[in-house]
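I have placed the structure first, in the form of structure tokens, so that the comments after it can refer back to it.
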Amino acid sequence: MSLSDLLALSGVPGLSAGVKILTSTYQGIENVKLYKEQCRDMSGRCVSLMVALRDSSQGLEGSKALEIADEIELIIVNIHRKVKEWASWPHVKSFLQQKEIKEGIVRLSRDIDAAMMKFSIQINMEMTRSQMESKAIQERDKAEIREVLQVIVKSTDDMKALMNMQSSVDFRPVEQMMQSLQTELMDPYLQPKEEEVFKAGLWELHEKTSKLPPLTDLTGQVTLSSHNTVAKGSFNDIYQGQWLDREPVALRLPRTLANNPEAQQRLQREVSIWRELNHPNVVPLYGVIYMDEDLYSVSPWMDNGTAIAYLKKFPSADRIKLLIDAATGLEYLHTRGIVHGDLRGCGQGMTSSQSINPRWFAPELLQNAPVSTHSDVWSFGMVCLELLSGDVPYSNITRDIAVLRELDNGKLPEHPGRGKASQGLSDQMWTLMQTCWQKRPESRPSIASLKSELLEIKNRVISNGTDSKPSLSKRWTRFTSTRNDNRPSTGNNDRRPSTASSVMTTMSSMSSQRVPPAPSLEHRKQDELSPLVSSPNRGFFQKHVEPVYPRKNSTSSCNSSSSSNPVVNIDFDSSWSAPSPTSPRSDSRIRFGTDSPRLEPPAVSSSLPVNPGSHFQQIERSQSYDVSSTARSVRSSNSSVHITGPLREAVSDPRIIVNTQNGIIISGTLEGLVDRLITNFNLRSDVEYRDVLLTACADFTTPEDLFTVLSRRFYEADSKVDEHPEDRVAIQYNIFMVITHWISHQHLHIDYQLLWQMRNFCETAIRTKSSTTMVNKASDLLALVVGRAKIENSTPSILVPGRKLLQASQIKPKDLAIALTLLEGDKYKILVPSDYIAQLRRHAGYNNVEGVYTTNNKIILWVKDSILHFDSAQDRASVLKFFIHTAMECRKLRNFSSLVAIATALHSTPIERLRLTKAELTPQMQVKLDGLEDIINPNGNHRAYREALNEAINPEEKDYCIPWLAVHLKELHLVLQRYPTTLPGSDGKPLINFQRYVKFMAQVKESIHYKPPNLERYRQQGQLDYLENQLRNLQLSDNPDEELMTRSNKYEAQETVDYRTRKPQLRTLGFKTS
């Protein structure tokens, strides 16, 4: 039915209103971008419905016909409303919301079908013709989608709008666009011009975001450069191809997968996992492609081939350095639960376990044991032998089957001779390799410890002067400001020597580079790890903030050659009032042995101001990106991090310097690190760098000072008239994105001073920027700042209003364990990495680690006070037994923080000396009490605690617990001790040692990655209210045990008398005792 048929109904009673609305709908359809034909078809069905009503209404009662007409009119109104909405959408939104349009059409079509069935309107349609028309409509819609896709890809404005869209969990516009382009490229009937446009668009999105397309299947995107193999391995054929006609790639065809659909599916799943990995020592996999019935994996093309091929080409290369790189890559895989399974110097990457070569595999695999991290370590030892000797393992045996017999008999490879010492095969290296070949898999070292040993061997070679490689300064690469160099290359310019995914063949840069030696760790006294180290003079659940007073008439300006910013006065509403001052930070922290070196440098004053953008001159950058200028780096006058010596020099250095090694940031000046943060913000490879810098800056500067540098760089961009306007805008846009990231992620700490600076910055930008886009960006950012301030100001109530407290008689050990887990979980889950730095470096002011310790200390005090509350030994024993059961329940809930608190209290001096009280316990209960003592025993690096930590019933539970924080902070402390704060630059001047913070954050993720158990269903049941009420009135004094010891001495004397008069035995026999 057409519009002319519709107009013929205009005079029919009851249908005129519907005709008028539907006429307007037909006009609106012309502006719909997608599914236009389906919208016309849907409207045509409404016309058919009205024609059928007109033809069948003869003989119907008037009211019945009007009822049917009203139903049809309601459907028409809904169609008109949706068409009008869709017509108002621009191309990009229509494309990204096409699923919503499609679903809307389906729902409205169902309404039309329901109306037909409800009123039994028989419409004689030509079903076959309708189906054919619907299919033709779908094809036209498909062409319409492709047309819109081409419009978006060809339009610079549309692509910019797409890039500027904010992503969320449910809405990822860039990934959605990339997936649509991938899907279209899979169509074998795609026209050449359309294919060219779609490939260009997909490449542009990949270039600008450094993201791989979301679909693993790259069919249609990769073309073979030649049908001839460029390399043949034992199990794979390697071809060269082009991805999106722009980047050379390696196509690997595993022969074992030929015409094996199950094996092909397994490989595709493995590739999907592998392509999510991101490490400079692990060759990335882009995906897979299907050619005929064969499945190829796609990876970057490596000009230097495998590690063995590279060493044949460059025999003087640093072989130990290659092994360190390989160990680093393998460590990355193992920390993510991935076993490589086929390590070889000439490794061809991912293959099935049946294809593993016996020269490299572990003996337990002969017994059909699965590959494991232990078998990887065995293979790594063989790789060490292969690279250092230049020959495959068991090179004296020709046939692989003979190697199997030797392996089964327990025979290890022979030493290749002293002649290989010049290649790095020293006695120490041979000993290390033999530790990898222990027969029992569990006896082999971890890859992390092997890497540490390799670093020590490397450093020993350097310190002995036997390293003939160029000097350190000449071998460290400079970070350059050119756009092509900023992006990690995967093309011909990348000097990684492999075409496969083996970690042995991934060397991002083949220039030999020394690893800075780690400072030696002298013998230290046992660290004191009891939670009883917090200062007692703090109120429970008190909100602690640093005193920050925004200056009146504060100036936010940038002194430059051409412009300055106006004075801006900020009026804060109630949520922005200056926090109340608090007492200086107490000595609450983990205490280390007196002979341990202090981490923090001595305090010095700073004369530089804190207000954003003031007193800074413009930095002139030269081509070398190693810039000397008159710019002064910022340090706050009220900084809580006081630095001196080399670190202060590195932070104050105005030059823009960043040293990289194999694509990893090693060191730099503060200006250089911030420059990297800005210029590489959109690169996927720098996501980890961004979080590390924004977290760890508290160790060498302050977040406020770092933000001041960002603010200054924002306004300096306006004065750089010699740069292209788009480049200046790009810098400012990236700074907006950096700040947005900073505010949006709760794991990045922001205090009130920093929030005030951010708000000042946003309001200044809104007032001074003339670009509507920039003003909108600043406004959006200001809204985020205000939202974050409200979050920071929110304080949970201590008790639920109006709730009646439970009595002690109503609380069972499990109830108390639940309450303790909720309470300590709330404290633990707000911890962020910057809290750990502040605690370990003893920064002034409050941090959330102190909140954890304060809560834990109150629990300890409460347990002891509860036991010593009763005069009778029997009553005290009952309370003691109650807390033992509670500790057992805490262990079941994996609340080790409360478990340790209770164990510490039960084995404290005031309780331990009450021998008669403990004698009231049954033998079984005494065993449990002794078990609690084992948990807090520090022997064997807290072996009992670590075993309990790893005893989760289900693997899913292992990541859910509340850990004993002090033990894990000790591990973080050792990282900071091992890596110095600065490293020497090429000119001898100190640079910030960024690897110190990369290692620190890696240890945080490894040691303190847990989440509190989810017990939210119990929060409103009263257990938590009871516990908070018990703890609220407890006061932590300077000597909390003093008053408790007085009571304990009294009870001990009483128990001594009772013991001598044998009162317990008399009571047991039924005698009355006074």
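In terms of UniProt numbering, the sequence shown has 493 at position 493, counting the first letter as 1, and numbering is strictly consecutive. Note that CB positions come from ideal geometry on N, CA and C, so glycine has one too. These figures come from a predicted structure and were not determined experimentally.
Through-space distance from residue j to residue i, alpha-carbon basis
i: Pro254; j: Tyr239; result: 11 Å
i: Gly825; j: Ile911; result: 27 Å
i: Asp835; j: Thr669; result: 24 Å
i: Tyr853; j: Leu706; result: 29 Å
i: Glu704; j: Asn734; result: 18 Å
i: residue 1077; j: Glu270; result: The structure shown has nothing for residue 1077, since the chain only spans 1 to 1074.
i: Met50; j: Leu149; result: 37 Å
i: Asp875; j: Arg1032; result: 24 Å
i: Lys211; j: Pro284; result: 12 Å
i: Phe69; j: Ile21; result: Sequence inspection shows Ala at residue 69; the Phe mentioned does not correspond to that position. So the alpha carbons of these two residues sit roughly 13 Å apart.
i: His749; j: Glu671; result: 21 Å
i: Lys154; j: Ser94; result: 16 Å
i: Tyr960; j: Glu1006; result: 14 Å
i: Ser134; j: Arg45; result: 12 Å
i: Arg913; j: Ala696; result: 45 Å
i: Arg759; j: Val786; result: 8 Å
i: His942; j: His973; result: 16 Å
i: Gln661; j: Leu244; result: 29 Å
i: Val832; j: Leu754; result: 16 Å
i: Leu782; j: Glu763; result: 7 Å
i: Ile678; j: Gln179; result: 28 Å
i: Val687; j: Phe681; result: 8 Å
Beta bridge counterpart(s) of residue i as assigned by DSSP
i: Val927; result: In DSSP, Val927 forms no bridge with anything.
i: Gly668; result: Val658, Ile992
i: Asp237; result: Lys232, Leu253
i: Glu293; result: Its beta-bridge partners do not exist; DSSP assigns none.
i: Trp243; result: Val222, Glu247
i: Asn895; result: Ile962
i: Ser299; result: Ala250
Counted within 10 angstroms of its Cβ, other Cβ atoms place residue i as buried (16 or more) or exposed
i: Asp995; result: Sequence check: residue 995 is Gln here, not Asp. Classification of Gln995: buried, given that the 10 Å Cβ count is 16 or more.
i: Tyr189; result: exposed
i: Leu74; result: exposed
i: Leu983; result: buried
i: Pro566; result: Legend: pLDDT at Pro566 = 30, less than 50; position of this residue unreliable, no value from coordinates given.
i: Thr431; result: exposed
i: Thr909; result: exposed
i: Ser809; result: exposed
i: His80; result: buried
i: Asp113; result: exposed
i: Lys1050; result: exposed
i: His1009; result: exposed
i: Ile830; result: exposed
Other residues of its chain near residue i: CB distance less than 7 Å, five sequence neighbours each side excluded
i: Ile935; result: Leu899, Val900, Ala903, Ala944, Tyr945, Ala948
i: Gln732; result: Phe714, Ala717, Met774
i: Ile397; result: Val403, Glu406
i: Lys814; result: Glu889
i: Tyr1026; result: Leu805, Leu806, Ile811, Ala819
i: Gln38; result: Ile105, Ile137, Asp141
i: Lys999; result: Val975, Tyr979
Contacting residues, own chain, Cβ-Cβ under 6 Å from residue i (five flanking each side not counted)
i: Thr435; result: Pro445
i: Trp86; result: Val32, Ile101
i: His334; result: Thr373, Ile447
i: Pro550; result: A caution first: Pro550 carries a pLDDT of 33, below 50, which makes its placement in the model unreliable, though a value can still be read off. Within the same chain, Pro550 has close Cβ partners Trp756.
i: Ala161; result: Val92
Own chain partners of residue i with C-beta closer than 8 Å, once the 5 adjacent residues on each side are dropped
i: Ala17; result: Glu73
i: Val879; result: Ser866, Ile867, His869, Phe870
i: Tyr997; result: Val692, Leu693, Thr695, Ala696, Asp699
Restricting to runs no shorter than 4 residues, where is the alpha helix (DSSP H) found entirely within the segment 1001-1041?
1023-1032
Which residue spans inside the segment 760-789 form an unbroken alpha helix (DSSP H) run of at least 4?
With a minimum length of 4 residues, no continuous alpha helix (DSSP H) run stays inside the segment 760-789.
Please list the segments of the alpha helix (DSSP H) lying wholly inside the segment 132-198, counting only runs of 4 or more residues, in order along the chain.
Segments of the alpha helix (DSSP H) lying fully in the segment 132-198: 156-164, 173-185.
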